[in-house]
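Asker: I'd like to ask some things about the structure below.
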Amino acid sequence: MKSSLRIAAAVGLMTAAACAGAQDYPAKPIRLISAWTPGGANDILARALGQAISQRFGQPVVIENRPGASGTIGTAHVAQSPADGYTITLGSMPSYSTAPSMFPDLRYDPIKDLTPIAFVAIVPNVLVVNPSLPVKSVPELLAYAKANPGKLAFSSVGNGSSSHLGGELFKLMGHVDMTHVPYKGTAPALVDLVGGRVQLAFENMPALLPLINGGQLRALAVTSRSRSALLPQVPTVDEAGLKGYEIGAWYMMFAPAGTPRKIVDKLNEAVNAGLQQPDIRQRLKDLGAEIVGGTPEQAADFLKRDLARWTDVIKQAHIVFN
Numbered sequence: 006m007k008s009s010l011r012i013a014a015a016v017g018l019m020t021a022a023a024c025a026g027a028q029d030y031p032a033k034p035i036r037l038i039s040a041w042t043p044g045g046a047n048d049i050l051a052r053a054l055g056q057a058i059s060q061r062f063g064q065p066v067v068i069e070n071r072p073g074a075s076g077t078i079g080t081a082h083v084a085q086s087p088a089d090g091y092t093i094t095l096g097s098m099p100s101y102s103t104a105p106s107m108f109p110d111l112r113y114d115p116i117k118d119l120t121p122i123a124f125v126a127i128v129p130n131v132l133v134v135n136p137s138l139p140v141k142s143v144p145e146l147l148a149y150a151k152a153n154p155g156k157l158a159f160s161s162v163g164n165g166s167s168s169h170l171g172g173e174l175f176k177l178m179g180h181v182d183m184t185h186v187p188y189k190g191t192a193p194a195l196v197d198l199v200g201g202r203v204q205l206a207f208e209n210m211p212a213l214l215p216l217i218n219g220g221q222l223r224a225l226a227v228t229s230r231s232r233s234a235l236l237p238q239v240p241t242v243d244e245a246g247l248k249g250y251e252i253g254a255w256y257m258m259f260a261p262a263g264t265p266r267k268i269v270d271k272l273n274e275a276v277n278a279g280l281q282q283p284d285i286r287q288r289l290k291d292l293g294a295e296i297v298g299g300t301p302e303q304a305a306d307f308l309k310r311d312l313a314r315w316t317d318v319i320k321q322a323h324i325v326f327n
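Just so you know, we're using this note's numbering here: the sequence shown kicks off at 6 and counts up by one.
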């Protein structure tokens, strides 16, 4: 009986301590992990949101870049960190929706080991071609690809990226045969695209806009549900004929699984408040992003659907990651 009372008392003290910790949160600096290299969209958004969180909480938010292996190195670090709200991450599609299919020895489960805090934004991709390719629309591209099976090559910034999966989804839905050429980043991929060594790409909008506006690339369609304000004259892939086609580079804030709900709620409120700040909204607008926001539950629901969707696409398309 005494032993049971001691255990109950210990559990009570632990619960009380956890509640007190959540109430006092944050009492020290927060680490925000960007699982990608400095200067990219993930890093830019992480720094903007980190500043907003810092201003709201009155505590520093330290941005730490841990790139590598399609974002899985930094993501694994967060998944294995203490669930106390002091290590969080801005996650994106490759580390969560395609990583389980890419890496058989993945060191985390994106559903079980991480807790969504808030859905931040979706950045659409743009289907572009080298101007030397004699096509000016999605139907013309499909017709050309069917007449020349295996002769077209599309670039991506790496296996499992939205630029890779965008091409694979296009192949699957359009019933065409094209070759995927992965690169180690946006810059080398675009150099070869502009140089004509690959013929097309499904790349993030910010990197493409100067090349589209300068006539070095031809935009055929955007990959989002609706047209982009940055390219209002360019139709969506869905509008252009592939009904239901949609893909974008999404960004979502995460904490380790088991983080107390009161802390998750505080972070959710801080992220949503940050998304209303004019300077952050402008940065997102410059990226061509659609601001999302919302509750942790809405973010979790999207993540589950996206993971299931891309696992199925990868299986149907017989994509093998090397």
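Heads up, the beta-carbon is just placed ideally off N, CA and C, and yes, glycines get one too.
Hey, how far is the Cα of G76 from the Cα of D114?
Answerer: As a working mapping, residue 76 is identified with position 71 in the sequence shown. As a working mapping, residue 114 is identified with position 109 in the sequence shown. Computed Cα separation, rounded: 14 Å.
Asker: To the nearest angstrom, report how far apart G179 and V239 are at their CA atoms.
Answerer: Within the sequence shown, numbered from 1, the residue matching residue 179 stands at position 174. Within the sequence shown, numbered from 1, the residue matching residue 239 stands at position 234. If you take the alpha carbons of G179 and V239, they lie about 19 Å apart.
Asker: Could you give the DSSP three-state label for D311: helix, strand or coil?
Answerer: One-based indexing of the sequence shown puts residue 311 at position 306. Note: D311 maps to helix in three-state DSSP.
Asker: When the Cα atoms are used, what is the spatial distance from Y256 to E173?
Answerer: Numbered from 1 along the sequence shown, position 251 holds the residue referred to as residue 256. Numbered from 1 along the sequence shown, position 168 holds the residue referred to as residue 173. Roughly 21 Å between the two C-alpha positions.
Asker: Leaving out the 5 sequence neighbours to the left and right, which residues in its chain are closer than 8 Å to M210 when beta-carbon positions are compared?
Answerer: The residue you call residue 210 lines up with position 205 of the sequence shown. Counting only Cβ-Cβ distances below 8 Å, and skipping sequence neighbours, we find V128, P129, N130, V131, V227, S233, L235, L236, L292, G293.
Asker: Tell me, please, whether the segment 271-284 touches the segment 57-74 by the rule of three or more beta-carbon pairs shorter than 8 Å.
Answerer: Judged by Cβ distances under 8 Å, the segment 271-284 makes contact with the segment 57-74, as three or more pairs qualify.
Asker: For K271, which residues from the same chain have a beta carbon less than 7 Å from its beta carbon, with the 5 sequence-adjacent residues on both sides left out?
Answerer: Start at 1 with the first residue of the sequence shown, and residue 271 comes out as number 266. Take K271, set aside five residues on each side of it, and the residues of its chain with a beta-carbon closer than 7 Å to its own are Y30, in chain order.
Asker: Counting only runs that start and end within the segment 196-278, where is the beta strand (DSSP E) found for 3 or more residues in a row?
Answerer: DSSP runs (the beta strand (DSSP E)) wholly in the segment 196-278: 205-209, 223-227, 253-261.
Asker: Measuring only the C-alpha atoms, how far is A21 from A278?
Answerer: Locating residue 21 in the sequence shown gives position 16, where the first residue counts as 1. Locating residue 278 in the sequence shown gives position 273, where the first residue counts as 1. Reliability of the predicted coordinates at A21 is poor, the pLDDT of 49 falling under 50, and the value obtained from them is presented with this limitation in mind. Computed Cα separation, rounded: 29 Å.
Asker: In terms of residues, what are the limits of the alpha helix (DSSP H) holding P87?
Answerer: Taking the first residue of the sequence shown as position 1, residue 87 is located at position 82. Per DSSP, P87 belongs to no alpha helix (DSSP H) and is neither H nor E.
Asker: Taking the alpha helix (DSSP H) that L147 belongs to, which residues open and close that run?
Answerer: On the sequence shown, residue 147 is found 142 positions in, with the first residue counted as 1. Unbroken alpha helix (DSSP H) run through L147: 143-152.
Asker: What is the DSSP secondary structure of G79, reduced to helix, strand or coil?
Answerer: In the sequence shown, residue 79 corresponds to position 74, counting from 1. DSSP places G79 in helix when its eight states are reduced to three.
Asker: Kindly indicate the opening and closing residues of the beta strand (DSSP E) around S161.
Answerer: Numbered from its first residue, the sequence shown carries residue 161 at position 156. It spans 158-161 - the beta strand (DSSP E) in which S161 sits, taken as one unbroken run.
Asker: Which same chain residues, not among the five before or five after L216, have their C-beta less than 8 Å away from its C-beta?
Answerer: Here residue 216 is taken as the residue at index 211 of the sequence shown, counted from 1. For L216, where only same-chain residues beyond five positions count, the Cβ hits under 8 Å are V133, L195, V199, L222.
Asker: Go through its chain and collect everything with a Cβ distance to K151's Cβ below 7 Å, but skip five positions before and after it.
Answerer: For this step, residue 151 is matched to residue 146 along the sequence shown. Correct list, in chain order: V181.
Asker: What is the rounded straight-line gap between the Cα of N70 and the Cα of G79?
Answerer: As a first step, residue 70 is located in the sequence shown; it is residue number 65 there, counting from the start. As a first step, residue 79 is located in the sequence shown; it is residue number 74 there, counting from the start. Rounded to the nearest angstrom, the two C-alpha atoms are 8 Å apart.
Asker: On the three-state DSSP scale, how would you describe F124?
Answerer: As a position in the sequence shown, residue 124 is number 119, starting the count at 1. DSSP places F124 within a strand segment (E or B) once states are collapsed to three.
Asker: Can you give me the Cβ contacts of V242 inside the same chain, cut-off strictly under 7 Å, excluding the 5 residues immediately before and after it?
Answerer: Stepping through the sequence shown from its first residue, residue 242 is reached at position 237. Within the same chain, and ignoring the five residues on either side of V242 in sequence, the residues whose Cβ sits closer than 7 Å to its Cβ are L132, V143, A226, T228, Y250.
Asker: Since R286 is in the alpha helix (DSSP H), which residue starts that stretch and which ends it?
Answerer: What you label residue 286 is simply residue 281 of the sequence shown in a count that begins at 1. Residues 283-291.
Asker: Who are the Cβ neighbours of I93 in its own chain at under 8 Å, not counting the five residues just before and after it?
Answerer: Residue numbering aside, residue 93 sits at position 88 when the sequence shown is read from its first letter. These residues qualify, in order along the chain: I35, R36, L37, I38, V83, I122, M258, F259, A260, L272.
Asker: Check the DSSP bridge columns for P129 and list the partner residues they point to.
Answerer: Position 124 of the sequence shown, counted from the first residue, corresponds to residue 129. G253, per the DSSP bridge assignment.
Asker: Can you tell which of T184, L146, G155, I319 has the C-alpha that lies nearest to the C-alpha of G246?
Answerer: Your numbering for residue 246 matches position 241 in the sequence shown. Taking only the C-alpha atoms, the option nearest G246 is L146.
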